[in-house]
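By full-length UniProt numbering, the letter at position 134 of the sequence shown is numbered 134, and the numbering carries on one by one without gaps.
A virtual CB, placed ideally from N, CA and C, is assigned to each residue, including glycine.
Here the structure is a predicted model, which means the values were calculated and not measured.
What follows is one structure encoded as structure tokens, with my remarks underneath.
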Amino acid sequence: MSFLSKRKIYSAINNGEFYVMYQPIYNNVTQLFDCVEVFLRWRNNAGVEINPLEFISQAESSGCIIPLTLHLFHLVRDDVKSWSVMKDISISLNVSGLHFQSQFFINDIFSLVQGMPKNINFILELTERYPLPNHKQMVQLFNRLKVMGLALSLDDFGSGYSNIDTLSKYHFDYVKLSGDLLNEIDSNERSLSIVTGCLSLIASINAIAVIENIETDAQYSLLKRNPCLFQGFFLSKPLLKHEFLRFMEMDDLEF
Numbered sequence: 001m002s003f004l005s006k007r008k009i010y011s012a013i014n015n016g017e018f019y020v021m022y023q024p025i026y027n028n029v030t031q032l033f034d035c036v037e038v039f040l041r042w043r044n045n046a047g048v049e050i051n052p053l054e055f056i057s058q059a060e061s062s063g064c065i066i067p068l069t070l071h072l073f074h075l076v077r078d079d080v081k082s083w084s085v086m087k088d089i090s091i092s093l094n095v096s097g098l099h100f101q102s103q104f105f106i107n108d109i110f111s112l113v114q115g116m117p118k119n120i121n122f123i124l125e126l127t128e129r130y131p132l133p134n135h136k137q138m139v140q141l142f143n144r145l146k147v148m149g150l151a152l153s154l155d156d157f158g159s160g161y162s163n164i165d166t167l168s169k170y171h172f173d174y175v176k177l178s179g180d181l182l183n184e185i186d187s188n189e190r191s192l193s194i195v196t197g198c199l200s201l202i203a204s205i206n207a208i209a210v211i212e213n214i215e216t217d218a219q220y221s222l223l224k225r226n227p228c229l230f231q232g233f234f235l236s237k238p239l240l241k242h243e244f245l246r247f248m249e250m251d252d253l254e255f
């Protein structure tokens with residue numbers, strides 16, 4: 001991972017080597033794909049795809065995760081401006097806990113949402129690879145973001161720092177279950193019970209559950225009666241912009 005220096009990441013930004021992919025998310029209540037998660041990808045000048053886990057980790061440790069996130073915001077804004085008239089849709093973007101600590105965070109988010117079409121809503125997906133700022137500061141940030149019309153999502157609940165303590169302190173609109181929780185739900189009743197218990201917990205705090213890493217029909221069949229959002233390769237892989245727009249024009253998709 002050492003070959004991914006801070007200098008190379010900045011160079012890749014300047015050279016236009018980063019691009020965006022969109023993974024549709026299925027809403028089991030509306031029975032529509034009315035949400036999408038954005039993924040940043042890196043294909044270098046030699047045509048080699050760089051592992052996202054590696055370059056994001058390196059960006060965080062080297063102090064350039066915020067410029068990289070701002071570049072993602074820029075790419076998404078450019079894409080949205082080029083879209084033709086589309087149904088209402090929520091766009092989910094991952095934000096590092098390190099970005100939350102920046103004094104310019106609110107200004108950065110304002111730059112993202114300013115002038116966006118009314119049918120576009122944004123969800124900030126908080127990834128807790130690092131501890132969050134102090135409680136008072138986080139509550140103030142959450143309140144300001146909600147006033148700006150943004151929704152907030154806790155990523156990877158059930159792993160790392162994403163735990164019940166975080167849910168008890170902050171009002172998240174969405175809670176995304178860690179994909180690891182789904183590994184054995186079709187063969188292990190205890191695993192399924194843990195997942196359904198998490199869904200009940202999330203519903204009890206008036207948040208919407210997002211179940212990611214749905215990769216098989218068996219997984220989806222076991223959970224589809226729950227009123228939540230579903231994401232994974234079984235429903236749709238991440239798509240390039242033109243593929244995503246074509247996908248969203250298909251109104252007869254059913255699961």
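Residue i - DSSP class collapsed to helix/strand/coil
i: Arg225; result: coil
i: Glu17; result: coil
i: residue 256; result: Residue 256 lies beyond the stretch modelled for the chain, which goes from 1 to 255, so this question has no answer here.
i: Ser90; result: strand
i: Glu249; result: coil
i: Val95; result: strand
i: Ala218; result: helix
i: Leu150; result: coil
i: Asn121; result: strand
i: Met1; result: The pLDDT assigned to Met1 is 42, lower than 50, so where the model puts this residue is not dependable, and the model offers no usable value.
i: Leu68; result: helix
i: Leu132; result: coil
i: Leu240; result: coil
i: Lys8; result: helix
i: Met116; result: coil
Proximity winner among the options, relative to residue i (alpha-carbon distances)
i: Leu112; options: Ala12, Leu145 and Ser5; result: Leu145
i: His135; options: Ser90, Glu184 and Gly97; result: Gly97
i: Asn28; options: Arg225, Tyr19 and Ser168; result: Arg225
i: Asn94; options: Ile65, Ile120 and Tyr220; result: Ile65
i: Val63; options: His99, Ser191, Ala151 and Gly179; result: Looking at the sequence shown, residue 63 is not Val but Gly. Among His99, Ser191, Ala151 and Gly179, the Cα nearest to that of Gly63 belongs to His99.
i: Val139; options: Tyr170, Ile91 and Phe110; result: Tyr170
i: Val38; options: Glu49, Val20 and Ile50; result: Val20
i: Phe233; options: Leu167, Tyr26 and Lys8; result: Tyr26
i: Asn143; options: Thr166, Asn119, Ile106 and Ser168; result: Ile106
i: Gly115; options: Met148, Glu60, Cys198 and Pro133; result: Met148
i: Gln101; options: Leu141, Val76 and Lys87; result: Leu141
i: Ser11; options: Tyr22, Leu32 and Arg43; result: Arg43
i: Ile9; options: Leu199, Tyr22, Gly47 and Pro67; result: Pro67
i: Lys118; options: Lys87, Ser168 and Lys6; result: Lys87
Residues bridged to residue i [DSSP beta-bridge criterion]
i: Gln101; result: Answer is none; Gln101 lacks a bridge partner.
i: Gln23; result: Glu37
i: Phe230; result: Tyr26 and Ile211
i: Arg43; result: Glu49
i: Thr127; result: Ser96
i: Leu32; result: Asn27
Distance, residue j Cα to residue i Cα
i: Asp108; j: Leu70; result: 7 Å
i: Ile208; j: Leu229; result: 8 Å
i: Asn15; j: Arg246; result: 28 Å
i: Glu243; j: Pro24; result: 11 Å
i: Ser204; j: Asp34; result: 23 Å
i: residue 257; j: Ser187; result: In the structure as shown, the chain begins at 1 and stops at 255. Residue 257 is therefore absent and cannot be evaluated.
i: Ser84; j: Pro238; result: 20 Å
i: residue 256; j: Phe157; result: In this structure the chain extends from 1 to 255, so residue 256 is not present and cannot be described.
i: Ala59; j: Glu249; result: 35 Å
i: Phe104; j: Ser57; result: 21 Å
i: Pro133; j: Asp165; result: 14 Å
i: Met1; j: Thr30; result: Per-residue confidence for Met1 stands at a pLDDT of 42, beneath the threshold of 50, marking its modelled position as unreliable; no derived number is given.
i: Pro52; j: Leu154; result: 20 Å
i: Glu184; j: Ile211; result: 14 Å
i: Leu152; j: Leu124; result: 5 Å
i: Leu126; j: Ser178; result: 13 Å
i: Asn163; j: Thr196; result: 16 Å
i: Tyr220; j: Leu192; result: 12 Å
i: Glu54; j: Leu32; result: 33 Å
Any chain D beta carbon closer than 9 Å to residue i
i: Lys118; result: Absent from the structure: chain D. Only one protein chain is present.
Let me know the alpha helix (DSSP H) ranges lying completely inside the stretch 154-216, each 4 residues or longer, listed in chain order.
Every unbroken stretch of the alpha helix (DSSP H) spanning 4 or more residues and falling wholly within the stretch 154-216 is given here in chain order: 164-169 and 189-204.
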